[in-house]
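Using our numbering, you'd call the opening residue of the sequence shown number 1 and step up by one each time. Glycine included, every Cβ here is placed at the ideal spot set by N, Cα and C. Data block below; observations after.
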Amino acid sequence: MSESKAGQRDETAKPRRRQARGERRIQQLLDAAASVFCRAGYTSASTNAIAREAGVSPGTLYQFFPNKEAIAVELGERLTRQMQETHGVVFTPENATLPLDELLDTVLDPMIEFNCANPAFLTLLHSADTPGNFLEEHAAVHDSIRDRISDLIGLRNPALSTERRTHIATMSFGLFKAGLTLILDHEGAEREVYIAELKTALYGYLAPTLGTGRTSARL
């Protein structure tokens with residue numbers, strides 16, 4: 001191989017390596033930010049604390065993010081995408097036909113697991129000064145999830161009006177979020193107790209309208 005071709009190959013490889021290293025550093029900083037936000041709260045968190053948590057200098061952090069707000073926006077966007085991917089696989093016509101207890105397990109378990117694994121998501125959501133970009137994007141995702149729940153309800157009981165489905169979906173999602181707060185406030189066996197209690201509450205609320213057995217939802 002000629003010297004010029006070898007040099008060209010090296011030049012094309014270096015940016016890819018630099019990009020990969022940069023992405024790893026960004027993820028390192030975002031993971032550190034998530035820990036700091038959960039521990040100190042978003043308002044009290046600082047870029048210096050995030051850099052210290054990541055084991056890098058503040059100067060290194062500023063190479064990737066100009067301020068705390070930019071970190072929160074990037075972290076929020078990544079978590080929102082991950083949440084959409086998690087929820088997107090559970091609201092399916094096939095799942096709508098499951099017995100109600102299995103349907104609740106199938107839908108709720110991934111949603112609970114995501115929030116337990118990413119407590120920074122709710123920390124950002126509940127902070128008064130979280131950047132608006134994240135809050136606006138989350139509001140849109142919230143509406144999308146409610147609509148998917150409404151569609152699932154409609155598949156199990158096509159006789160329900162659109163308005164009635166929306167009311168049931170909104171109430172179900174509200175019950176989930178209230179239960180999720182208790183779930184995240186506990187760990188171990190106590191957390192499992194509250195997960196079971198949330199499913200019991202939703203089962204009791206939905207059973208009279210959606211039935212309890214396997215259905216022949218319209219696929």
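Take the alpha-carbon of Ala54 and the one of Arg165: they are about 46 Å apart.
When the Cα atoms are used, Leu182 and Tyr194 turn out to be separated by approximately 7 Å. Ala117 is positioned such that its CB atom lies no closer than 8 Å to that of Ile149. Within the segment 117 to 180, the runs of alpha helix (DSSP H) at least 4 residues long that lie entirely inside it are, in chain order, 119 to 126 and 132 to 156. Secondary structure note for Pro58: its alpha helix (DSSP H) is the uninterrupted segment Pro58 to Phe64. Apart from the 5 residues on each side of it in sequence, Ala128 sits with its Cβ closer than 8 Å to the Cβ of Thr43 in its chain, given in chain order. Ser35 carries a helical assignment under DSSP once its states are collapsed to helix, strand and coil. Between Leu104 and Lys199 a beta carbon distance of about 5 Å is seen, short of the 8 Å cut, so the two are scored as contacting. The shortest C-alpha to C-alpha distance from Phe65 to any of Arg25, Gln82 and His186 is the one to Arg25.
Here the alpha carbon of Pro158 sits roughly 30 Å from the alpha carbon of Phe114.
Short of 8 Å from the beta carbon of Arg214, and not among the five residues preceding or following it, lie these beta carbons of its own chain, in chain order: Thr97, Leu98 and Pro99. Glu74 sits in a helix when the DSSP states are folded into three classes.
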